[in-house]
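Numbering (full-length UniProt numbering), first residue to last: 1 to 346.
For every residue, glycine included, the Cβ atom is placed at its ideal position computed from N, Cα and C.
Quick caveat, the model's predicted, so the values are computed rather than measured.
See below for the structure under consideration.
This is how it looks when you write it as C-alpha coordinates:
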(Lines of atoms letter the chains of each structure in order from A; the text may use other names.)
(Lines give C-alpha, C1' and ligand atoms only; values in the text may rest on other atoms or scores of the structure.)
Protein backbone atom coordinates (compact mmCIF):
# COMPACT_ATOMS: atom_id res chain seq x y z
CA UNK A 1 0.00 0.00 0.00
CA UNK A 2 1.28 3.49 -0.81
CA UNK A 3 2.86 5.38 2.07
CA UNK A 4 1.16 8.68 1.25
CA UNK A 5 -2.65 8.78 1.19
CA UNK A 6 -4.28 10.44 -1.84
CA UNK A 7 -7.02 11.78 0.43
CA UNK A 8 -6.75 12.29 4.18
CA UNK A 9 -9.72 13.29 6.33
CA UNK A 10 -8.83 14.27 9.90
CA UNK A 11 -11.21 14.86 12.85
CA UNK A 12 -14.16 15.76 10.62
CA UNK A 13 -17.31 17.00 12.33
CA UNK A 14 -20.47 17.67 10.34
CA UNK A 15 -23.54 19.33 11.80
CA UNK A 16 -27.04 19.81 10.43
CA UNK A 17 -29.45 22.52 11.58
CA UNK A 18 -32.96 21.12 11.82
CA UNK A 19 -35.88 23.17 13.14
CA UNK A 20 -33.61 25.25 15.37
CA UNK A 21 -31.77 22.20 16.74
CA UNK A 22 -28.28 20.95 15.91
CA UNK A 23 -27.65 17.37 14.85
CA UNK A 24 -24.02 16.27 15.02
CA UNK A 25 -24.06 13.69 12.22
CA UNK A 26 -20.30 13.08 12.02
CA UNK A 27 -18.26 13.14 15.21
CA UNK A 28 -14.47 13.52 14.74
CA UNK A 29 -14.06 11.06 11.90
CA UNK A 30 -10.64 10.39 10.37
CA UNK A 31 -9.82 8.32 7.29
CA UNK A 32 -6.88 7.88 4.91
CA UNK A 33 -7.46 6.69 1.36
CA UNK A 34 -4.68 5.12 -0.72
CA UNK A 35 -4.13 5.06 -4.49
CA UNK A 36 -5.77 2.12 -6.28
CA UNK A 37 -7.39 0.53 -3.21
CA UNK A 38 -11.00 -0.44 -2.65
CA UNK A 39 -12.27 0.73 0.73
CA UNK A 40 -15.68 -0.36 2.01
CA UNK A 41 -17.47 1.74 4.63
CA UNK A 42 -20.08 -0.36 6.43
CA UNK A 43 -22.71 0.28 9.09
CA UNK A 44 -26.49 0.41 9.53
CA UNK A 45 -28.60 3.13 7.97
CA UNK A 46 -28.06 6.47 9.67
CA UNK A 47 -24.52 5.70 10.83
CA UNK A 48 -23.17 8.58 8.72
CA UNK A 49 -21.57 6.68 5.81
CA UNK A 50 -23.08 8.77 3.01
CA UNK A 51 -22.85 12.11 4.85
CA UNK A 52 -19.15 11.57 5.58
CA UNK A 53 -18.23 10.75 1.98
CA UNK A 54 -20.49 13.44 0.47
CA UNK A 55 -18.28 15.95 2.30
CA UNK A 56 -15.41 14.85 0.00
CA UNK A 57 -17.11 16.42 -3.01
CA UNK A 58 -19.26 19.21 -1.62
CA UNK A 59 -22.59 17.39 -1.79
CA UNK A 60 -23.90 17.98 1.73
CA UNK A 61 -27.47 19.25 1.98
CA UNK A 62 -27.81 23.03 2.32
CA UNK A 63 -28.36 22.79 6.10
CA UNK A 64 -25.18 20.72 6.60
CA UNK A 65 -21.77 22.20 7.47
CA UNK A 66 -18.29 20.85 8.16
CA UNK A 67 -17.62 22.43 11.56
CA UNK A 68 -14.24 20.89 12.35
CA UNK A 69 -11.30 19.04 10.80
CA UNK A 70 -9.58 18.93 7.43
CA UNK A 71 -9.82 16.95 4.18
CA UNK A 72 -6.48 17.08 2.40
CA UNK A 73 -6.59 16.31 -1.31
CA UNK A 74 -3.89 17.29 -3.82
CA UNK A 75 -2.24 19.59 -1.27
CA UNK A 76 -5.43 21.55 -0.52
CA UNK A 77 -7.79 21.43 2.45
CA UNK A 78 -11.08 20.95 0.60
CA UNK A 79 -13.03 21.06 3.91
CA UNK A 80 -12.55 24.83 3.67
CA UNK A 81 -14.30 25.04 0.27
CA UNK A 82 -17.51 27.05 0.51
CA UNK A 83 -18.50 27.92 -3.08
CA UNK A 84 -19.88 25.82 -5.90
CA UNK A 85 -17.11 27.20 -8.12
CA UNK A 86 -14.47 25.69 -5.81
CA UNK A 87 -16.24 22.32 -5.65
CA UNK A 88 -16.63 22.21 -9.45
CA UNK A 89 -12.83 21.92 -9.74
CA UNK A 90 -13.13 18.52 -8.02
CA UNK A 91 -16.66 17.13 -8.36
CA UNK A 92 -16.98 14.90 -11.42
CA UNK A 93 -13.46 15.66 -12.58
CA UNK A 94 -11.42 14.18 -9.72
CA UNK A 95 -13.90 12.70 -7.26
CA UNK A 96 -17.18 11.25 -8.52
CA UNK A 97 -20.16 9.49 -6.97
CA UNK A 98 -22.57 6.74 -8.05
CA UNK A 99 -25.87 7.03 -6.16
CA UNK A 100 -27.94 4.04 -5.06
CA UNK A 101 -31.07 4.78 -7.07
CA UNK A 102 -30.40 5.33 -10.77
CA UNK A 103 -33.93 6.66 -11.37
CA UNK A 104 -33.34 9.66 -9.11
CA UNK A 105 -29.85 10.24 -10.57
CA UNK A 106 -31.06 10.42 -14.17
CA UNK A 107 -33.27 13.08 -15.73
CA UNK A 108 -36.35 11.19 -17.04
CA UNK A 109 -36.98 13.86 -19.70
CA UNK A 110 -33.54 13.78 -21.26
CA UNK A 111 -31.98 11.21 -23.58
CA UNK A 112 -29.49 8.97 -21.83
CA UNK A 113 -26.63 9.75 -24.23
CA UNK A 114 -27.16 13.49 -23.79
CA UNK A 115 -26.79 13.13 -20.01
CA UNK A 116 -23.39 11.43 -20.42
CA UNK A 117 -22.39 13.98 -23.08
CA UNK A 118 -23.27 16.88 -20.75
CA UNK A 119 -21.02 15.46 -18.03
CA UNK A 120 -18.13 15.26 -20.52
CA UNK A 121 -18.75 18.78 -21.84
CA UNK A 122 -19.00 20.23 -18.34
CA UNK A 123 -15.90 18.59 -16.92
CA UNK A 124 -13.58 18.06 -19.89
CA UNK A 125 -14.21 21.14 -21.97
CA UNK A 126 -14.93 19.02 -25.06
CA UNK A 127 -17.95 20.05 -27.11
CA UNK A 128 -20.36 18.79 -29.75
CA UNK A 129 -19.51 15.82 -31.96
CA UNK A 130 -16.34 14.95 -30.07
CA UNK A 131 -18.19 14.86 -26.74
CA UNK A 132 -20.95 12.74 -28.31
CA UNK A 133 -18.35 10.27 -29.63
CA UNK A 134 -16.81 10.01 -26.16
CA UNK A 135 -20.29 9.48 -24.63
CA UNK A 136 -20.94 6.58 -27.02
CA UNK A 137 -17.55 5.08 -26.16
CA UNK A 138 -18.52 5.29 -22.48
CA UNK A 139 -21.81 3.47 -23.15
CA UNK A 140 -19.85 0.64 -24.74
CA UNK A 141 -17.26 0.68 -21.95
CA UNK A 142 -19.97 0.08 -19.32
CA UNK A 143 -21.36 -2.84 -21.31
CA UNK A 144 -24.35 -1.27 -23.10
CA UNK A 145 -24.44 -2.70 -26.63
CA UNK A 146 -25.78 -0.88 -29.71
CA UNK A 147 -24.58 2.45 -28.32
CA UNK A 148 -25.81 4.53 -31.25
CA UNK A 149 -29.43 3.48 -30.74
CA UNK A 150 -29.20 3.52 -26.94
CA UNK A 151 -27.74 7.04 -26.97
CA UNK A 152 -31.12 8.40 -28.13
CA UNK A 153 -33.30 6.49 -25.65
CA UNK A 154 -34.78 7.76 -22.37
CA UNK A 155 -34.12 6.29 -18.90
CA UNK A 156 -37.53 4.56 -18.72
CA UNK A 157 -36.54 2.49 -21.77
CA UNK A 158 -33.69 0.89 -19.82
CA UNK A 159 -33.86 -1.89 -17.20
CA UNK A 160 -32.69 -1.17 -13.62
CA UNK A 161 -29.29 -2.76 -14.24
CA UNK A 162 -28.82 -0.85 -17.51
CA UNK A 163 -29.78 2.43 -15.80
CA UNK A 164 -27.17 1.80 -13.14
CA UNK A 165 -24.61 1.24 -15.94
CA UNK A 166 -25.56 4.64 -17.37
CA UNK A 167 -25.12 6.30 -13.95
CA UNK A 168 -21.68 4.66 -13.69
CA UNK A 169 -20.83 5.88 -17.22
CA UNK A 170 -21.69 9.48 -16.18
CA UNK A 171 -19.62 9.13 -12.99
CA UNK A 172 -16.49 7.78 -14.70
CA UNK A 173 -16.77 9.70 -17.99
CA UNK A 174 -14.10 12.15 -16.80
CA UNK A 175 -11.75 9.51 -15.41
CA UNK A 176 -11.91 10.58 -11.73
CA UNK A 177 -9.17 9.52 -9.33
CA UNK A 178 -11.72 8.54 -6.65
CA UNK A 179 -15.10 6.91 -7.31
CA UNK A 180 -17.57 6.76 -4.40
CA UNK A 181 -20.26 4.10 -4.86
CA UNK A 182 -23.18 4.67 -2.48
CA UNK A 183 -25.04 1.34 -2.18
CA UNK A 184 -24.68 0.87 -5.97
CA UNK A 185 -26.45 -2.51 -6.05
CA UNK A 186 -29.22 -2.15 -3.43
CA UNK A 187 -32.09 -1.87 -5.91
CA UNK A 188 -30.87 -4.71 -8.15
CA UNK A 189 -31.40 -8.46 -8.08
CA UNK A 190 -28.50 -10.73 -7.19
CA UNK A 191 -27.32 -11.68 -10.70
CA UNK A 192 -27.36 -8.06 -11.89
CA UNK A 193 -25.66 -7.06 -8.63
CA UNK A 194 -22.70 -9.33 -9.45
CA UNK A 195 -22.45 -7.88 -12.97
CA UNK A 196 -22.39 -4.28 -11.67
CA UNK A 197 -19.68 -5.14 -9.11
CA UNK A 198 -17.62 -6.78 -11.87
CA UNK A 199 -18.09 -3.71 -14.06
CA UNK A 200 -16.88 -1.35 -11.34
CA UNK A 201 -13.88 -3.62 -10.70
CA UNK A 202 -13.02 -3.63 -14.42
CA UNK A 203 -13.34 0.17 -14.72
CA UNK A 204 -11.22 0.58 -11.60
CA UNK A 205 -8.42 -1.41 -13.27
CA UNK A 206 -8.78 0.27 -16.67
CA UNK A 207 -8.89 3.83 -15.29
CA UNK A 208 -6.58 3.29 -12.28
CA UNK A 209 -9.23 4.59 -9.85
CA UNK A 210 -9.53 4.36 -6.08
CA UNK A 211 -13.00 3.14 -5.06
CA UNK A 212 -15.01 3.71 -1.89
CA UNK A 213 -18.04 1.44 -1.42
CA UNK A 214 -20.74 2.54 1.01
CA UNK A 215 -22.81 -0.46 1.97
CA UNK A 216 -24.53 -2.37 4.78
CA UNK A 217 -24.13 -5.64 2.85
CA UNK A 218 -21.14 -7.51 4.27
CA UNK A 219 -21.43 -10.08 1.46
CA UNK A 220 -20.58 -7.33 -1.04
CA UNK A 221 -17.71 -6.18 1.19
CA UNK A 222 -16.13 -9.65 1.27
CA UNK A 223 -16.15 -9.75 -2.54
CA UNK A 224 -14.80 -6.30 -3.37
CA UNK A 225 -12.88 -4.63 -0.53
CA UNK A 226 -9.19 -4.44 0.29
CA UNK A 227 -9.89 -2.48 3.48
CA UNK A 228 -12.99 -1.96 5.61
CA UNK A 229 -14.05 0.91 7.89
CA UNK A 230 -16.97 0.22 10.24
CA UNK A 231 -19.13 3.24 11.14
CA UNK A 232 -21.50 3.68 14.05
CA UNK A 233 -23.29 6.82 15.29
CA UNK A 234 -21.20 9.19 13.18
CA UNK A 235 -17.81 7.66 13.99
CA UNK A 236 -15.49 5.07 12.53
CA UNK A 237 -15.22 2.44 15.31
CA UNK A 238 -12.95 -0.10 13.61
CA UNK A 239 -10.90 -0.33 10.43
CA UNK A 240 -8.51 -2.84 8.93
CA UNK A 241 -7.73 -5.06 5.96
CA UNK A 242 -10.77 -7.10 4.89
CA UNK A 243 -9.36 -10.33 6.42
CA UNK A 244 -8.66 -8.56 9.72
CA UNK A 245 -12.23 -7.29 9.97
CA UNK A 246 -13.85 -10.58 8.98
CA UNK A 247 -11.61 -12.95 10.94
CA UNK A 248 -10.24 -10.90 13.84
CA UNK A 249 -12.72 -8.08 14.54
CA UNK A 250 -12.69 -6.58 18.04
CA UNK A 251 -15.34 -3.89 18.25
CA UNK A 252 -18.62 -5.27 19.67
CA UNK A 253 -20.57 -3.48 16.92
CA UNK A 254 -18.48 -5.21 14.23
CA UNK A 255 -19.18 -8.50 16.00
CA UNK A 256 -22.91 -7.76 15.92
CA UNK A 257 -22.81 -6.99 12.18
CA UNK A 258 -20.85 -10.16 11.39
CA UNK A 259 -23.14 -12.30 13.57
CA UNK A 260 -26.12 -11.33 11.43
CA UNK A 261 -24.51 -12.57 8.19
CA UNK A 262 -27.02 -14.95 6.53
CA UNK A 263 -24.12 -17.28 5.57
CA UNK A 264 -23.58 -18.04 9.26
CA UNK A 265 -27.21 -18.85 9.93
CA UNK A 266 -28.36 -22.30 10.99
CA UNK A 267 -31.36 -23.65 9.10
CA UNK A 268 -34.52 -23.30 11.16
CA UNK A 269 -32.96 -20.84 13.63
CA UNK A 270 -33.47 -17.08 13.70
CA UNK A 271 -30.53 -14.91 12.72
CA UNK A 272 -29.19 -12.79 15.59
CA UNK A 273 -30.38 -9.18 15.61
CA UNK A 274 -28.90 -6.11 17.27
CA UNK A 275 -31.17 -5.04 20.13
CA UNK A 276 -32.03 -1.39 20.73
CA UNK A 277 -31.50 1.60 18.47
CA UNK A 278 -28.57 3.93 17.70
CA UNK A 279 -28.23 7.02 19.92
CA UNK A 280 -30.07 10.26 19.16
CA UNK A 281 -27.34 12.53 17.76
CA UNK A 282 -29.27 15.68 18.72
CA UNK A 283 -27.81 15.00 22.17
CA UNK A 284 -24.23 14.65 23.33
CA UNK A 285 -23.10 11.02 23.34
CA UNK A 286 -21.40 9.94 26.56
CA UNK A 287 -18.88 7.09 26.55
CA UNK A 288 -19.01 4.41 23.83
CA UNK A 289 -22.05 5.10 21.63
CA UNK A 290 -22.71 1.36 21.24
CA UNK A 291 -22.64 0.59 24.99
CA UNK A 292 -26.45 0.70 25.58
CA UNK A 293 -26.89 -2.03 22.93
CA UNK A 294 -23.94 -4.14 24.08
CA UNK A 295 -24.77 -6.91 26.59
CA UNK A 296 -21.08 -7.19 27.51
CA UNK A 297 -20.46 -3.45 27.97
CA UNK A 298 -17.95 -2.47 30.64
CA UNK A 299 -18.72 0.19 33.27
CA UNK A 300 -16.24 2.59 31.64
CA UNK A 301 -18.12 2.26 28.31
CA UNK A 302 -20.90 4.39 29.79
CA UNK A 303 -18.52 7.02 31.14
CA UNK A 304 -15.67 7.61 28.74
CA UNK A 305 -15.25 7.43 24.99
CA UNK A 306 -12.64 4.80 24.10
CA UNK A 307 -9.56 5.71 22.05
CA UNK A 308 -8.32 3.62 19.12
CA UNK A 309 -6.18 0.63 20.07
CA UNK A 310 -3.86 -0.87 17.42
CA UNK A 311 -4.14 -4.59 16.72
CA UNK A 312 -1.67 -4.39 13.82
CA UNK A 313 -0.17 -1.71 11.57
CA UNK A 314 -3.33 -1.73 9.50
CA UNK A 315 -6.01 -2.68 12.06
CA UNK A 316 -7.40 -0.46 14.84
CA UNK A 317 -10.54 -0.67 16.98
CA UNK A 318 -12.14 1.96 19.21
CA UNK A 319 -13.08 -0.22 22.18
CA UNK A 320 -12.12 -0.48 25.85
CA UNK A 321 -11.97 -4.28 25.40
CA UNK A 322 -8.44 -3.79 24.06
CA UNK A 323 -7.21 -1.75 27.00
CA UNK A 324 -4.65 -3.83 28.97
CA UNK A 325 -6.61 -3.06 32.17
CA UNK A 326 -9.90 -4.47 30.79
CA UNK A 327 -11.20 -7.89 31.92
CA UNK A 328 -10.52 -10.60 29.34
CA UNK A 329 -13.41 -10.80 26.89
CA UNK A 330 -13.49 -13.57 24.28
CA UNK A 331 -14.43 -12.95 20.67
CA UNK A 332 -17.88 -14.42 19.96
CA UNK A 333 -18.41 -17.82 18.37
CA UNK A 334 -19.24 -16.07 15.07
CA UNK A 335 -15.72 -14.75 14.61
CA UNK A 336 -14.23 -18.13 15.44
CA UNK A 337 -16.61 -19.77 12.94
CA UNK A 338 -15.57 -17.31 10.22
CA UNK A 339 -11.90 -18.06 10.94
CA UNK A 340 -12.53 -21.83 10.79
CA UNK A 341 -14.41 -21.46 7.49
CA UNK A 342 -11.46 -19.51 6.14
CA UNK A 343 -8.96 -22.17 7.22
CA UNK A 344 -11.05 -24.90 5.60
CA UNK A 345 -11.22 -22.95 2.34
CA UNK A 346 -7.49 -22.23 2.57
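Would you call the CB atoms of residue i and residue j closer than 7 angstroms?
i	j	result
residue 318	residue 306	yes
residue 27	residue 234	yes
residue 47	residue 253	no
residue 134	residue 120	yes
residue 251	residue 242	no
residue 211	residue 38	yes
residue 170	residue 116	yes
residue 15	residue 67	yes
residue 90	residue 178	no
residue 273	residue 42	no
residue 12	residue 69	yes
Who are the near neighbours of residue i in its chain, counting only those whose CB is closer than 6 angstroms to its CB and skipping five residues on each side?
i	result
residue 288	301 and 306
residue 147	136, 139 and 140
residue 326	320
residue 204	211
residue 315	240 and 244
residue 246	338
residue 100	182, 183 and 186
Could you compute how far the alpha carbon of residue i sits from the alpha carbon of residue j?
i	j	result
residue 164	residue 112	12 angstroms
residue 298	residue 291	8 angstroms
residue 145	residue 162	10 angstroms
residue 193	residue 185	5 angstroms
residue 103	residue 10	34 angstroms
residue 32	residue 258	24 angstroms
residue 197	residue 105	18 angstroms
residue 295	residue 286	17 angstroms
residue 181	residue 283	30 angstroms
residue 334	residue 219	15 angstroms
residue 255	residue 278	16 angstroms
Which whole-angstrom value is the C-beta distance of residue i and residue j, which I expect to be below 8 angstroms?
i	j	result
residue 52	residue 7	Not quite, the Cβ-Cβ distance comes to about 12 angstroms (not below 8 angstroms), so this is no contact.
residue 79	residue 221	Going by Cβ atoms, the distance from residue 79 to residue 221 rounds to 27 angstroms, so no, they are not a contact pair.
residue 308	residue 323	With 8 angstroms as the limit, residue 308 and residue 323 do not qualify as a contact, their Cβ atoms being about 11 angstroms apart.
residue 188	residue 160	6 angstroms
Output needed for residue i: all residues of its chain with C-beta closer than 7 angstroms, excluding positions within five of it in sequence on either side, in chain order.
i	result
residue 54	60
residue 275	293
residue 208	36
Please go through the same chain and pick out, in chain order, the residues whose beta-carbon is closer than 8 angstroms to the beta-carbon of residue i, but skip the five residues on each side of it.
i	result
residue 3	none
### Query
What runs of the beta strand (DSSP E), each 3 residues or longer, lie entirely inside the region 91-142?
Listed in chain order, they are 95-98.
### In chain order, each alpha helix (DSSP H) run of at least 4 residues that lies wholly inside the region 133-210
Listed in chain order, the complete alpha helix (DSSP H) runs (minimum 4 residues) inside the region 133-210 are 147-151, 160-172 and 190-207.
### Message
What ranges does the beta strand (DSSP E) occupy inside the region 4-49, keeping only unbroken runs of at least 3 residues that lie completely in it?
### Response
Runs of the beta strand (DSSP E) lying entirely within the region 4-49, each at least 3 residues long, are 7-18, 21-33 and 38-42 in chain order.
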